[in-house]
Each structure stands twice: as C-alpha cells, then as structure tokens.
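Taking the working numbering as reference, the numbering of the sequence shown is continuous, increasing by one, and the terminal residue is 1408.
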Amino acid sequence: MMIKNKKAFTLIEALVSVAITAIGFAGVYALVTVSNGVMSDTIDKEKLKYQNTEIIESLNADQTNIMEYNGKDLSNCSSITTGTGKDDQLKRLQNWCNKIKGEVGDKRTSDKRIIRVEKKQVGQNNVYIVSLELNAKSNKKSVFMKRIFYAP
1257 MMIKNKKAFT LIEALVSVAI TAIGFAGVYA LVTVSNGVMS DTIDKEKLKY QNTEIIESLN
1317 ADQTNIMEYN GKDLSNCSSI TTGTGKDDQL KRLQNWCNKI KGEVGDKRTS DKRIIRVEKK
1377 QVGQNNVYIV SLELNAKSNK KSVFMKRIFY AP
C-alpha cells in the first residue's frame, strides 16, 4: 500500500494559526482602547482651551470691571459672588462655571478652575495680567493661559 504525499494543514498548524490571529486581535484591541483614551483626553483638553479663550475674550470686552473677576473659583457655581451691582459679571462667571462643569464634569479634589487678575502700574497706565488655570479629571487635563491687558 502506498500513501500519497498530500499537502494539507494539520490540526496543530491550524491551532497555531488561530493562536497567532488571536494575539494579533488582542494587540489591535489594546491599541484601539489606548487610542480612545488619548482621544477622549484630547477632546476634554480642547474643551478647556475653548472655555479659556471665551473667558479671555469676555474679560477683554469688560476691562472696566476686570478686577471683579480676580480670585474667582469656577469650581462651585452656586458659591460664586460679586460686588454689589455687578450682576452682569456674576452671570458671566456662573455661565462659565456651568459650561466647564457640563463639558468636563464636576471638580475633583486636585482640580483648579480659577481666574486671577493682577494690576500693575506701568508708567501712566494700568496693566492687568490675567491668568486662567483650568484643570479637569485630577490634573490629567490642564490648560493655563495668561493675557496682558493695557487698560486706558
């Protein structure tokens, strides 16, 4: 009896190819998972940058009341206060606080969401240095912006 020499996959070869394919799929799955996390972090950071820009533009338009924004913490929307007769500034601050909260969630213990305004005299002019620091998700997403305004 003569056995013909056939070229075919054996069971062991098939199992090895399935194992290699499974390892490949596991690698792709891990890559997609990491990519989604990085993408989510980037989107949240862009949202914070957008809020920073909006705040800076609003402060630029309201330079006469710019010191009213100094030291305001945008972490707790209900605790924000302003001086008497500064209802417009209070509405802006609460609006920014609510937007940040809606975009990146509640403040965590190590997060900062604060506006600082420093007044300096340069010659005959007042110069206001505005610093914004917005953090989210335990400092994983941080945006810091500084702008100088030359007030008349």
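The beta carbon of each residue, even a glycine, is placed where N, CA and C say it ideally should be.
Across which residues does DSSP place residue i in a beta bridge pair?
i	result
V1294	Answer by DSSP bridge pairing: none, since V1294 is not bridged.
L1390	R1369, V1399
Y1406	V1383
K1375	Y1384
Which of helix, strand or coil does DSSP assign to residue i?
i	result
Q1350	helix
D1329	strand
I1336	coil
Q1380	coil
G1305	Gly is not the amino acid found at residue 1305; the sequence shown has Lys there. Three-state result, K1305: helix.
K1363	coil
K1342	coil
D1318	coil
T1289	helix
Leaving out five residues on either side along the sequence, give the residues of the same chain with a beta carbon under 8 Å from the beta carbon of residue i.
i	result
I1322	L1315, V1373, Y1384, V1386, F1405, A1407
I1312	V1386, L1388, M1401, R1403
Here's a check: name, in chain order, each residue in its chain whose Cβ is nearer than 7 Å to the Cβ of residue i, leaving out the five neighbours to either side.
i	result
K1368	E1389, N1391
N1354	C1333
E1324	T1338, G1339, K1342, Q1345
L1304	V1360, L1390, A1392, K1397, V1399
I1336	K1328, L1346, L1349, Q1350, C1353
List the whole-angstrom C-beta distance separating residue i from residue j, where the pair is believed to meet the contact cut-off of C-beta under 8 Å.
i	j	result
T1338	L1349	7 Å
W1352	Q1307	7 Å
Nearest CA to the CA of residue i: which residue from the options?
i	options	result
I1370	V1399, D1329, M1295	D1329
R1364	I1279, S1331, N1292	S1331
Determine, for residue i, whether the minimum Cβ-Cβ distance to residues of chain D falls below 8 Å.
i	result
A1286	As a matter of chain content, chain D is missing from the structure shown, which is built from one protein chain.
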